[in-house]
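Below is one structure, written out as structure tokens; comments come after it.
2 protein chains.
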Amino acid sequence: MNLRDLRYLLAVAEHGHFGRAAEACGISQPTLSVQLRKLEELLGVTLFERASKSVVPTAACERLIGHVRTAVAEADTILDVARSLRDPLAGRFRLGIIPTLAPYLLPLVFGPLRDALPALAVEPWEDQTAALLDRLRAHDLDAALLATEADGPDLAGLALFTEPFLAALPPDHRLAGRDTVSEAELAGDMLVLSDGHCLRDQVLAACGAPGGGSQGGPLGGTLRAASLSTLLNMVAAGYGTTLIPGLAAGVAQDAGLVLRPLSTPAGRTIRIVHRASYPRRVAAEAVGGVIAGRLRHFAAP
Amino acid sequence: MNLRDLRYLLAVAEHGHFGRAAEACGISQPTLSVQLRKLEELLGVTLFERASKSVVPTAACERLIGHVRTAVAEADTILDVARSLRDPLAGRFRLGIIPTLAPYLLPLVFGPLRDALPALAVEPWEDQTAALLDRLRAHDLDAALLATEADGPDLAGLALFTEPFLAALPPDHRLAGRDTVSEAELAGDMLVLSDGHCLRDQVLAACGAPGGGSQGGPLGGTLRAASLSTLLNMVAAGYGTTLIPGLAAGVAQDAGLVLRPLSTPAGRTIRIVHRASYPRRVAAEAVGGVIAGRLRHFAAP
DNA sequence: CCGGTTCGATAGATCATGACTATAATGTCA
DNA sequence: TGACATTATAGTCATGATCTATCGAACCGG
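Read top to bottom, the protein sequences are chains A and B. Position 220 of the first sequence, counted from 1, bears residue number 220 in the UniProt record's numbering, the numbering being contiguous throughout. Position 153 of the second sequence, counted from 1, bears residue number 153 in the UniProt record's numbering, the numbering being contiguous throughout.
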């Protein structure tokens, strides 16, 4: 059975006249007659009683026509809804963001995103890299802002900006007077984030430690801060030093910390990552573009 | 847009696998791929995100799929309802019957009709010939039992049985002793029905009067009985004589009348009449057949 | 690292069918 | 009866749905 034929049926029922119904459908009268007869044969029911001057729906047709109207209306609804979904820069856009980035980036880009992509409802989701990758692969996220490379051929990423790592010191720290600080000098009393934060691994790597393992070696003692905010407060309280990403500089200074560039600059590159097969790639690229544009002055040397 | 393609969409959504979905649809996998891509192009929306080991509905697909299910379900409903309507010997059958026939015929045939055509809901409608013809032509009746020929090329009729006219006399009438009665002898004090009853015209014609006109001539005086029942009671009360159709004989005898055959037999033929274009002709013929079978012993010579 | 497997996409051939034009058949009306 | 209106039929054509065969990419086990 064909939706087209159902539309023909409705046209004949409406006009009570094959010729005018055919005209309304944009087809010739013989085509309408043939198709309607086929439909009648398919259904096994005579739909219209044709007399010389009248075409009247049969009782069977009356019983069916409500369902026919519903089916055709629903098909039209499908087309309408599809039309409204056609714009890739519209609809929900679930964006994962790592915790060491979200609090400092979102306030900067939320407004510009709303302005540049008003139809796109960006919904941030904050979690650590591994969890975001899981959700991304499970189609629970459209994209994620990560500080690591896309970690498989099923994912694709686009670099947006690079933020430098800065040494964060208590004001009374012995290195606070320097213009630049070397990582080796920091290593002795450096505090790091808890496992799972990519920033932890990157900071350890920058300081020459064997990154990744849960064993921090000589670094950081027993402290494993759950959030960058906690870490900053610990440093401000004089428990040690740390490295922070550039975007957190404002908050760190507000907390009373002294920030110094590293003598051998290091940093991390923020990427927007999505599934390689993600069909709304343009949306991800548009979001990335807006963020990159807003963050251009952080571009790495 | 095609219902077939919508079914394909549902199959892919259900199986998450093109090959198995194609098998479920009874088509080859390439056909499914091509048709689904065409649907996506028509809608302007990507429906599934294809990756190497997964086929996942997009957000757009999730928004659409409810409507798709509804449309397909409604189409299936159309097929189901049509199947249930396929039997022409089922459903309502609105049957017009003239007033001089209905009270005497219906008690005889209602049971047999229910037995022979249990799925056919015969709904009697009692009115005079002209009104029945109007309703028939207006598609308000499926058929009518009339005592006249089908009166136009747009109608078709089937003779069912013939009932003789009988002279109905008061028991003390001067002719009550005869074996047969001639129409001429009756004419003097014959009572007739009011205008519109076909029986009136036929009785007048049988008695040699110029039938049809509202002017009864010497016949019937001023009495114009509205129903055969009234007429019988008037005759029983001694106000005159009349001719009655054979099926009313039982009731007439119960009313105490003397019935006598006519010396030159006359009668009327009952037909089932329907529109020439009526699509359930078999239902009309089946109803007619049951009635004719029940009335076979009334068959005219 | 490599051959086998899985799975969707593509190409080309085939065939069903929806569409057209022209015409017939039928009933209506003057 | 002839002119008109209306639906049905016949014949032809083009679109498009389907098939088989094959490709390409990703994954997997040795």
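For glycine and all other residues, C-beta sits at the position ideal for the given N, C-alpha and C.
Query, Result
"Taking 9 Å as the threshold (C-beta atoms), are B/LEU247 and B/ALA225 in contact?", "no"
"Whole-angstrom Cβ separation of A/LEU145 and A/ILE98, contact assumed at under 8 Å?", "7 Å"
"By the 9 Å beta-carbon criterion, what residues does the region 272 to 286 of chain B contribute toward chain A?", "ARG275, ALA276, SER277, TYR278, PRO279 and ARG280"
"For the alpha helix (DSSP H) containing B/ILE27, list its first residue and its last residue.", "Note, B/ILE27: premise wrong, no alpha helix (DSSP H); not H, not E."
"Give the residues of chain B in contact with A/TYR78, contact being defined as C-beta atoms less than 8 Å apart.", "At residue 78 of chain A the sequence reads Ile, which differs from the Tyr that was named. Those are MET1, LEU6, LEU43, LEU64, HIS67, VAL68 and ALA71, listed as they occur along chain B."
"Give, in chain order, every residue of the region 150 to 183 of chain B whose Cβ lies closer than 7 Å to some Cβ of chain A.", "ASP154"
"If you measure from the beta carbon of A/SER52 to each beta carbon in chain B, is any gap under 9 Å?", "yes"
"On a Cα-Cα basis, can you pick out the residue from B/VAL181, B/ALA284, B/ALA147 and B/ARG7 that is closest to B/VAL122?", "B/ALA284"
"Mind checking which residues open and close the beta strand (DSSP E) that includes B/ALA249?", "Run containing B/ALA249: none in the beta strand (DSSP E); it sits in the alpha helix (DSSP H), 249 to 254."
"Would a check of beta-carbon distances place A/LEU186 closer than 9 Å to chain B?", "no"
"Using the Cβ count rule (16 or more neighbours within 10 Å means buried), how would you classify B/ARG296?", "exposed"
"List the whole-angstrom C-beta distance separating A/ALA147 from A/LEU101, where the pair is believed to meet the contact cut-off of C-beta under 8 Å.", "7 Å"
"The beta strand (DSSP E) spanning B/SER54 covers which residue range?", "54 to 57"
"Does A/VAL56 get closer than 9 Å to chain B when you measure Cβ to Cβ?", "yes"
"Are the C-beta atoms of B/GLU49 and some chain A residue less than 9 Å apart?", "yes"
"Quick one: any contact between the region 84 to 95 of chain B and the region 105 to 114 of chain A, if contact means 3 or more CB pairs under 8 Å?", "no"
"Extract the residue ranges of the alpha helix (DSSP H) inside the region 43 to 103 of chain B, only unbroken runs of 4 or more that lie entirely within it.", "59 to 85"
"Can you tell me whether A/ARG86 is buried or exposed, with buried defined as 16 or more other CB within 10 angstroms of its CB?", "exposed"
"What are the start and end residues of each continuous beta strand (DSSP E) run of 3 or more residues lying completely inside the region 139 to 195 of chain B, in chain order?", "143 to 146 and 155 to 169"
"Can you find a C-beta in chain B that's less than 9 Å from the C-beta of A/GLY19?", "no"
"Tell me the residue span of the alpha helix (DSSP H) that contains A/LEU262.", "Element bounds for A/LEU262: n/a, residue is neither H nor E."
"Can you pull the chain A neighbours of B/LEU85, defined as C-beta to C-beta under 7 Å?", "VAL45, ALA60 and ARG63"
"State the Cα-Cα distance for the pair A/HIS17 and A/LEU64, rounded to the nearest angstrom.", "19 Å"
"On a Cα-Cα basis, can you pick out the residue from A/ALA11, A/THR269, A/LEU3 and A/LEU9 that is closest to A/GLY157?", "A/THR269"
"Would you mind working out which of B/ARG260, B/ALA22, B/ILE291 and B/LEU43 sits nearest B/GLY177, comparing C-alpha positions?", "B/ARG260"
"State buried or exposed for A/ARG37, treating a residue as buried only when at least 16 other CB atoms are found within 10 Å of its CB.", "exposed"
"Pull up the distance between the alpha-carbon of B/GLU74 and that of A/ALA116, whole angstroms please.", "42 Å"
"Tell me, please, whether the CB atom of B/GLU74 is closer than 9 Å to any CB atom in chain A?", "yes"
"Counting along the chain, where does the alpha helix (DSSP H) carrying A/ALA130 start and finish?", "129 to 137"
"Hey, A/VAL109 and A/ARG294 are a contact pair by Cβ (cut 8 Å); roughly how many whole angstroms apart?", "5 Å"
"Within 10 Å of its beta-carbon, does A/ARG271 have 16 or more other beta-carbons around it, so buried, or fewer, so exposed?", "buried"
"Using the C-alpha atoms, what's the distance from B/LEU47 back to A/LEU257?", "51 Å"
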